[in-house]
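> Chains as they are written, first to last, in the numbering used here: chain S, 2 to 321; chain D, 66 to 356; chain L, 140 to 575.
Note that beta-carbon positions come from the ideal geometry of N, C-alpha and C, so glycine has one too.
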Amino acid sequence: MADNKRSENSRRRFLKNIGTGLGAISVGGAAAVAGNKMIDSSGEKVRVLTAEGKVLEVDKDALKELKKETNEKRESAREGIPNRKFIMVIDLAKCANARKCIEACQEGHMLPKDHEWIKLYSIQDAEHTAPYWLPRPCFHCDNPLCVSVCPVGATYKRDDGIVLVDSKRCIGCKFCMTGCPYSARSFHWKDPEVEAPEDHVYDPELNTPPVEGTVGKCVFCADKLRNNELPRCVQACPMGALYFGDLVEDAITNGVETLRFSETMEQKHGYRYLEELGTHPSVYYLPPVNRLFDYESGLDGLSDQNRERYKKTGPRDAKR
Amino acid sequence: MKKQAPFVFMLSMLPGLLVLQTLDAQDAGGDEIQSPYIEFKYLKNTEGHRILDAKIFLAGELGLIPLEGLPVKFYTNYEMPELLGEAITDKNGVAHYIIPENVALPVDEDNNWWFYAEFEGNERYEMTMEELTVMDVNLRMSVEENEGGKKIFLEAFTVIDSEKIPVSNQDIFVFVPRMFSLLPVAEGYFIDGEAEVEFPDDVPGDEDGNLTVIGRFNDHWQFGNVEQRAETTWGVPSSHKVAESHRALWTQIAPRWMIVTLTILLAGVWGHYLFAIISMIRINRDGKRSE
Amino acid sequence: MVRITKKNLVKELTTEIISTSRNWYLLFGVFVLVWAIGIYALIQQIDKGHIVTGMRDNVVWGVYIVNFIFFMGLSYAGALISGVLHLFKSPWRAPVIRFAELITVISLCIGPFFIFFCIGRLDRLPFLFAFPRIQSPITWDVIAIITDLFGCFIFLYLSLIEDFAMLRDTTDISIKPWKKKLYRILALGYVGTKKQHRLLSRAKNVMAAMIIAIAIIVYSVLAWIFGVTLQPGWHSTIFGPYFVIAAVFSGTGLLIIIMQLFRKIYKLEKYITRKHFVNVGVLLLIIAAFYGYFTFSDYLTKWYGSVKMDKILIDKLFEDYYLMFIFANYLGILIPLIIVGIRKFRTIRNIVIAAVIALLGLWFNRYIIVVPTLETPFLPVQDYRMDFIKYSPTWVEWSLTAAGVAIFGIFMMLVSKIAPLVSISEMEVSEEVQDQ
């Protein structure tokens, strides 16, 4: 009896693992392919549980095929979208620290609440300059030090400019975190306790669910880009402060207006943060001139916890 | 932009509702019925098809949340509404309905068509609807390139009681399609049904310079969206190749000097180890011999 | 002067191999206990995740990496010292060289474990070999450490062959049969023929030169893990040589301490005399001078130019880390200089005190290289969680640190049961021993 139960349990666990693979079948009519395979192969059958909870008999070889497919996503994520070079433009005049970008990102990437891939900094450059809010996603540098120092190639730069992390490859040495001068990477110090849906196929372009002991960071929502959709933070920003686009096409959009990138840079004097470090970021900033909101309004509506963050903000370099 | 104003207000009001924001709007509340909105648009495309787009969404705290799989019914005739057809929203929350060519659309006294989109509601979402009026306009476009530059000629007229009436004093925009949206690159003005627009020289096209040019009444108050597309070779040939750099460290393959240096170093060191190990073997052999 | 004879030599230098005292068991037990606590801490860390450590998103490497640098430094220093002593045939090297070799090998076995503790997914360590990227300094380090490990083992073994042969052949003392058997295997049939002697000494010379070179390269590579990043305080061209000097400094300090410990415990006063302490002490003095010079030059240029981030870092060092900075970079250098520099102060006790201060000072020097830099990223740390702003090591990290020290002791004590801690063969040829 007890034995029975145990084997039942392990079977279920097994089925759960398989479920990940099966999800791939139901997508894109691959089921037919798997079905055909059943005829001319070894004939050994395995019972598996689908995402919908149905039990199916599937050929063992077909399962192997599926396993490969989950890895194929990891491989294909290494290929960028051809002839694209993605860029983000952040208009600091429009940012009011609403934190919607952070929330949308956390929701989309199944991140714990204390994990922020896009961060909001309160920056004051010098003693007599005015403070402003600085949203900081990953800069997807063209000379990414984080990629250079990775010992296992878990993080890589694609031709379309996007830097991704394969959290099935990452060994968690955190060298990339010390390599990144923008603190854009964060580490899962404990089990994130997030369960992916059963039919979930791991894709570094979405990079969910988070894995304990690995490094995560903003992925420019590479999964959305495949469908010509804007990144989650860009869509979520109520102020339209975040623009996203393609350098090759010379166009950026915040979902409401579409601008020529080069013209915007010229007219608003765009710049990149800490240009002198030579990392060549793909994220550009428009200086906070003619602001839509004053700095103080960014503190309104913050939770006490988040207000705590900015308490000690001051011109730290202006000190003496 | 108009739709975003309430969010700005709400977010300063509702810091306590942070928890709620984390939930997917579709799951939020469970039995609480929610009120979606409809964004209703009319488009007449190059082929002359008339398309009604109704986007159903919730105004969530994280922006607009499109609702998938909801049926939308489209009606016309303000006096006596008659059903045109039905469509289901896709994953972007948009229900497309192409008005069949043979359907006679009655006009009102201002020569406008009236359309009405309605989602009848279900156990989760309240009923919602939207209407629009639009005047049918015929848009023609031709493109021409000569020494004077790249020119786009546009012609627009409406037909009222079988009489051609040229469009006057209206703006029209020239767009090029980009990855996420349409980019406005030039602008024209109709006088006596005609507009001439100069197309800029520096718009990137594809690798061969192919570029689709779109003349379009964009969200026009009277005409809705009406567009004409033309394929041109007016684009600046653009492509993206990552410059190969032998010194780049982030690439998959290490710089050559590094591989060479490492190989030499390792060969040198391990060669000496080998020497030491061979010495040990010879010591051992010599010991056996002398025994 | 105490006369040392060859017969006594074998007897007195092998007492630990023949018998085991109660103190030995006591000390060994203490070490094992400390080590066990460390293992418990490690299990906690693996079970609950790195959250049980004080490391957080900004200070991603803490005490572990400090220990890693520290232990690796000791190892390279041991290699350098033994290599140099061997090559230059220093007349006083005999009782010292074995300790240096042991320090080399033992710390080299311990050091890498501290980097393992830093790694989030230990189950994926094989990826380092499956998907290596030559560009990453970590790959350099993996290759370097493996190379070094082999080299140091070969060198240590070469230097032990003669002693093993002697222990195999000796009839002066009674050795357990299983140990005899072991010595027969380990001695590789060395009987001291002319050819064997020539082969052995040539191999030793080659390996001595090799491990000096490797030690320098390998420790520079470790320094470059920090140097290649853009972080303020790390992005420094002198980090390679600076680390090498610092390593030798700490290794010399440890050598003095170990010499004193085993001299007392194993009653080797006759063999390890004040002369040896003064000689190694002078080595410490010279290196302290170099090390002080490097430290000064690194901080002077940072402070004088005062690039924004350097200035923030220096301010932090002189405010939050004031005491540590004073201890590590003032006292840790000046006290050894003064004690060994002034002839009057050169007693064994004083030299040992200087060594302890040097060793501790160096550990803190590593700490204030690693931690304050990570606490001052380019973008200010703006967090409501105190532990993300200021790093403070937890009991887990301290336990594992203590376990590192304990396992060093355990290894040292175990080796003393098999191999003589003072090289008999080296002693034989040294001038103090007279035939009888």
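1) Interface residues of chain S around Gln317 of chain D at Cβ under 8 angstroms?
2) Can you tell me whether Phe435 of chain L is buried or exposed, with buried defined as 16 or more other CB within 10 angstroms of its CB?
3) From which residue to which residue does the alpha helix (DSSP H) around Pro276 of chain L run?
4) Cα separation between Lys175 of chain S and Ala313 of chain D?
5) CA-CA distance, Val301 of chain D and Glu212 of chain D?
6) Shortest alpha-carbon distance to Asp257 of chain D belongs to which of D:Gly274, D:Pro242, D:Ser233?
7) How many angstroms separate the CA atom of Ala239 of chain L from the CA atom of Pro132 of chain S?
8) Within the continuous beta strand (DSSP E) that includes Leu340 of chain L, where are the two ends?
9) Would you mind working out which of L:Asp280, L:Ser158, L:Arg323, L:Glu155 sits nearest Lys353 of chain D, comparing C-alpha positions?
10) Report yes if the CB atom of Ile258 of chain L is closer than 9 angstroms to the CB atom of Gly173 of chain S, and no otherwise.
11) Could you have a look at Phe140 of chain S and say whether DSSP puts it in helix, strand or coil?
12) By the criterion of Cβ-Cβ separation under 9 angstroms, what are the contact partners of Ile258 of chain L in chain S?
13) Using a Cβ-Cβ cutoff of less than 7 angstroms, which residues in the same chain neighbour Ala96 of chain L once the five nearest sequence positions on both sides are dropped?
14) Beta-carbon within less than 7 angstroms of Val281 of chain L's beta-carbon, same chain only, minus the 5 sequence neighbours each way: which residues are those?
15) CB Pro210 of chain S to CB Pro193 of chain S, shorter than 9 angstroms?
16) CA-CA distance, Phe264 of chain D and Phe240 of chain D?
17) Which runs of the beta strand (DSSP E), 3 residues or longer, sit entirely within the stretch 162 to 186 of chain D?
18) Counting C-beta neighbours from all protein chains within 10 Å, is the total for Tyr272 of chain S 16 or more, i.e. buried, or is it exposed?
19) Taking 9 angstroms as the CB-CB cut-off, is Ser562 of chain L touching chain D?
20) Could you give the first and the last residue of the continuous alpha helix (DSSP H) run that contains Ile324 of chain L?
21) Give the interface partners of Ser531 of chain L over in chain C, defined as CB-CB distance under 8 angstroms, in chain order.
22) What's the C-alpha gap between Leu369 of chain L and Thr159 of chain L?
23) If you draw a straight line from the C-alpha of Cys106 of chain S to the C-alpha of Ile277 of chain L, how long is it?
24) Return the residue from the list D:Ile153, D:Leu132, D:Leu108 that minimises the CA-CA distance to Gln99 of chain D.
25) Could you name the residues of the same chain whose beta carbon sits closer than 8 angstroms to that of Tyr140 of chain D, not counting the 5 residues immediately before and after it, in chain order?
26) I'd like the list of long-range same chain contacts for His110 of chain S, defined as Cβ closer than 6 angstroms, with 5 residues on each side in sequence excluded.
27) Checking contacts by CB at 9 angstroms: is Gly180 of chain S closer than that to chain L?
28) Could you please give the first and the last residue of the uninterrupted beta strand (DSSP E) stretch that includes Tyr285 of chain S?
29) Who pairs with Met206 of chain D in a beta bridge, going by DSSP?
30) List the residues that DSSP assigns as beta-bridge partners of Val301 of chain D.
31) Give me the chain L residues within the contact set of Asn307 of chain S, using Cβ-Cβ distance strictly less than 9 angstroms, ordered along the chain.
32) Where do the ends of the alpha helix (DSSP H) carrying Leu117 of chain D lie?
33) Can you give me the C-alpha to C-alpha distance between Lys225 of chain S and Arg189 of chain D, rounded to a whole angstrom?
34) Taking CB distances under 9 angstroms as the criterion, tell me whether Lys156 of chain D reaches chain L.
35) Excluding the five sequence neighbours on either side, which residues of its own chain have a C-beta within less than 7 angstroms of the C-beta of Val212 of chain S, listed in chain order?
36) Output needed for Trp174 of chain L: all residues of its chain with C-beta closer than 6 angstroms, excluding positions within five of it in sequence on either side, in chain order.
Looking at the atomic coordinates:
1) Gly154, Tyr157
2) exposed
3) 276 to 308
4) Spanning the two alpha carbons is a distance of roughly 21 angstroms.
5) Pairing Val301 of chain D with Glu212 of chain D, the inter-Cα distance amounts to about 17 angstroms.
6) Cα-wise, what sits closest to Asp257 of chain D is D:Ser233.
7) 57 angstroms
8) First, the amino acid is wrong: residue 340 of chain L is Ser here, not Leu. Per DSSP, Ser340 of chain L belongs to no beta strand (DSSP E); it is in the alpha helix (DSSP H), 333 to 366.
9) If we check each option's Cα against that of Lys353 of chain D, L:Arg323 comes out closest.
10) Contact: yes.
11) coil
12) Chain S residues near Ile258 of chain L: Ile172, Gly173, Cys174, Lys175, Gly214.
13) The first residue shown for chain L is 140 and the last is 575, placing residue 96 of chain L beyond what the model contains.
14) For Val281 of chain L, same chain residues with a beta-carbon under 7 angstroms away, outside a window of 5 residues either side, are Leu267 in chain order.
15) yes
16) Linking Phe264 of chain D to Phe240 of chain D through their CA atoms gives a straight-line distance of about 10 angstroms.
17) 178 to 184
18) exposed
19) no
20) It spans 316 to 325 - the alpha helix (DSSP H) in which Ile324 of chain L sits, taken as one unbroken run.
21) No chain C is part of this structure, whose protein chains are labelled S, D and L.
22) 53 angstroms
23) 31 angstroms
24) D:Leu132
25) Pro146, Glu147, Leu148, Leu149, Phe180, Tyr181, Ala182, Glu183
26) Thr209
27) yes
28) 284 to 287
29) D:Leu219
30) D:Pro269
31) Tyr523
32) Looking at the DSSP string, Leu117 of chain D is not in any alpha helix (DSSP H); the run it does join, the beta strand (DSSP E), is 115 to 125.
33) 27 angstroms
34) no
35) Ser168, His189
36) Spatial neighbours of Trp174 of chain L in its own chain (CB-CB distance under 6 angstroms, excluding positions within 5 residues in sequence) are listed in chain order as Ala542, Ala545, Ile546.
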